[in-house]
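Trainee: Before we start, here is the structure in question, set down as structure tokens.
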Amino acid sequence: MSLPFYKITCTGCDYEDGYSYGTHYVYEGIAEHEPVLRAAWCSDCGKIVNACVPFRSKDAEEEIADLNLWIDRNKSGFFSRFSKSKKNEILKTEKEKQAIRARLEYFENTAYVSKCLSCGGSHVFPFYLPYGEYGEVEELNVMHSCGGRLLVSMEGRFSFASRRKVVYDETGEILHDGRVQNA
Numbered sequence: 072m073s074l075p076f077y078k079i080t081c082t083g084c085d086y087e088d089g090y091s092y093g094t095h096y097v098y099e100g101i102a103e104h105e106p107v108l109r110a111a112w113c114s115d116c117g118k119i120v121n122a123c124v125p126f127r128s129k130d131a132e133e134e135i136a137d138l139n140l141w142i143d144r145n146k147s148g149f150f151s152r153f154s155k156s157k158k159n160e161i162l163k164t165e166k167e168k169q170a171i172r173a174r175l176e177y178f179e180n181t182a183y184v185s186k187c188l189s190c191g192g193s194h195v196f197p198f199y200l201p202y203g204e205y206g207e208v209e210e211l212n213v214m215h216s217c218g219g220r221l222l223v224s225m226e227g228r229f230s231f232a233s234r235r236k237v238v239y240d241e242t243g244e245i246l247h248d249g250r251v252q253n254a
């Protein structure tokens, strides 16, 4: 499996760091309480980390749009009208949409605090990593401690035969940390 890796730099100082998907994060808990795993700037760590952030309406809209697209593709075609397995899959997908709405309702009614999965701090500023071309520099909507703006560029792709696994719960507590080596 190949996943992108990024170079992070600052416009105000010589800060430089990297970010990749080298760790596999796995949520364990009630599906409707699952926070979103997102790249974020952690002020406590002073670097780009993975953080648990609340599930918002934009996240729900994107997931439901993907499911609706899948449903539309599977409803089209002559044979789809006669396929019992297709109808069952579509019903299952409709239930997934209901679960997404329940998840959104949970986070809209909960005072959820975002949390860094590296240090456990709550001073995180989530953002979306760009899907641009290799080497294309984009500004993140994040200010560095020196006052400069953080820039990101995709530098390439790593091949991961296996990735370290970190299991976390809905509050961002680490239940199992595969990043830690036993001595």
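In this text, residue positions in the sequence shown follow the numbering used here: the first is 72, and each later residue adds one.
Beta carbons: idealized from backbone N, C-alpha and C, even for Gly.
Source: prediction; values computed, not measured.
1) Indicate the three-state DSSP secondary structure (helix, strand or coil) for H215 in the structure shown.
2) Taking the CB atoms as reference points, tell me whether N145 and K157 lie closer together than 8 Å.
3) Can the beta-carbon of T94 be found closer than 8 Å to that of K186?
4) My understanding is that V238 touches E105, with C-beta atoms under 8 Å, so please give their C-beta distance in whole angstroms.
5) Check this for me: beta carbons of D115 and G192, under 8 Å apart or not?
6) Suppose contacts are defined by Cβ-Cβ distances below 8 Å. Is L222 in contact with V120 by that definition?
7) Where does I101 fall in DSSP's three states?
8) Ordered along the chain, which non-local residues of its own chain (more than five positions away) have a Cβ less than 8 Å from that of F198?
9) Got a sec, what are the start and stop residues for the alpha helix (DSSP H) Y239 sits in?
10) Do you know offhand how far F178's Cα is from V184's?
Mentor: Quick answer:
1) Against the sequence shown, residue 215 aligns to sequence position 144. Under the three-state reduction of DSSP, H215 is assigned to coil, being neither helix nor strand.
2) Residue numbering aside, residue 145 sits at position 74 when the sequence shown is read from its first letter. Residue numbering aside, residue 157 sits at position 86 when the sequence shown is read from its first letter. Yes. Within cutoff.
3) Looking up residue 94 in the sequence shown gives position 23. Looking up residue 186 in the sequence shown gives position 115. The criterion of a C-beta distance shorter than 8 Å is not satisfied by T94 and K186.
4) Locating residue 238 in the sequence shown gives position 167, where the first residue counts as 1. Locating residue 105 in the sequence shown gives position 34, where the first residue counts as 1. Not a contact, Cβ separation roughly 12 Å.
5) Within the sequence shown, the letter at position 44 stands for residue 115. Within the sequence shown, the letter at position 121 stands for residue 192. Remark: C-beta atoms of D115 and G192 approach each other more closely than 8 Å.
6) Walking along the sequence shown from the start, residue 222 turns up at place 151. Walking along the sequence shown from the start, residue 120 turns up at place 49. No, Cβ-Cβ distance for L222 and V120 is not below 8 Å.
7) Your numbering for residue 101 matches position 30 in the sequence shown. It is coil, neither helix nor strand.
8) Taking the sequence shown and counting its residues from 1, the one referred to as residue 198 is at position 127. Closer than 8 Å at Cβ, skipping near neighbours: R109, A110, A111, W112, L211, N212, V213.
9) For the purposes of this step, residue 239 is identified with residue 168 of the sequence shown, where counting begins at 1. First-last for Y239: 235-239, but that is the beta strand (DSSP E), not the alpha helix (DSSP H).
10) Taking the first residue of the sequence shown as 1, we reach residue 178 at position 107. Taking the first residue of the sequence shown as 1, we reach residue 184 at position 113. Near 10 Å, if we compare the C-alpha coordinates of V184 and F178.
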